[in-house]
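Heads up: the structure comes next, in structure tokens.
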Amino acid sequence: MTFLEPYIQQYGLYAIFVIIYLESFGAPLPGESALVASSLLAVRGDLSVTDLFFTVWIAAVLGDGTGYAIGHFGGRPLLRRYGWLVKLTPERLEKLEDLFRRRGPIIVVGARFVVVLRQLNGLVAGSVGMPWHSFFLANLVGAALWATVWSFGPYYFGGLFHTFWR
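For the sequence shown, the numbering used here assigns the number 17 to the initial residue and increments by one for each residue that follows.
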């Protein structure tokens, strides 16, 4: 987190927005670490935790939405053509599509809390044809829950632990 602190201090919420947005549509960036670092900076008064929450929520929703669009328009044809390279046979692809039709919203909300799944969430949902309205609502809820946990959690508990350490 010390690596991220100078960038967050210099660019503030803009840096957080970019990191979370890019991570949410698939870039391998330390989004959760940046969010925890930002939340702890909010404890010091460098950032507003409420502004941090809304910035992260919006960036996460937009990033996953971008990932969904990329998956929907580009990922599906690629999976059909080159899926065999990652052992994704037509039968497995059909099962995956069925799984997202039945449990897509639960997968999208839950994937937000799992590191690699968080980055691939929108791409996969778009690639397997999850309906946009279901994805969007689940994305809103999942991003709100995730942003709440990692914005307000370290903010309140970080201050509590700091008090106990003194």
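Even for Gly, the Cβ is constructed at its ideal location relative to N, Cα and C.
Values in this document were obtained by computation on a predicted structure and should not be read as measured data.
(1) Is P147 helix, strand or coil by DSSP?
(2) Return yes when the Cβ of E48 is within less than 9 Å of the Cβ of V157, no when it is not.
(3) Mapping DSSP to helix, strand and coil, what is V130?
(4) If we call anything under 9 Å between Cβ atoms a contact, is T66 one with I36?
(5) Leaving out five residues before and five after A163 in sequence, what residues of the same chain have Cβ atoms less than 7 Å from its Cβ?
(6) Mind listing, in chain order, the continuous alpha helix (DSSP H) runs of no fewer than 4 residues lying wholly within the segment 88-121?
(7) Quick check on DSSP: helix, strand or coil for D67?
(8) In angstroms, rounded to a whole number, what distance separates the CA positions of L161 and E21?
(9) Taking the straight line between their C-alpha atoms, what separation do you get for G151 and G90?
(10) Look at the alpha carbon of Y172 and the alpha carbon of V59, and state the distance between them as a whole number of angstroms.
Straight from the coordinates:
(1) coil
(2) no
(3) coil
(4) Not in contact: T66 and I36 (Cβ atoms no closer than 9 Å).
(5) F69, V72, W73, A76
(6) Taking only runs of at least 4 residues, the alpha helix (DSSP H) segments lying wholly in the segment 88-121 are 92-98.
(7) helix
(8) 24 Å
(9) As written in the sequence, residue 151 is Phe, which differs from the Gly given in the question. Near 17 Å, if we compare the C-alpha coordinates of G90 and F151.
(10) 8 Å
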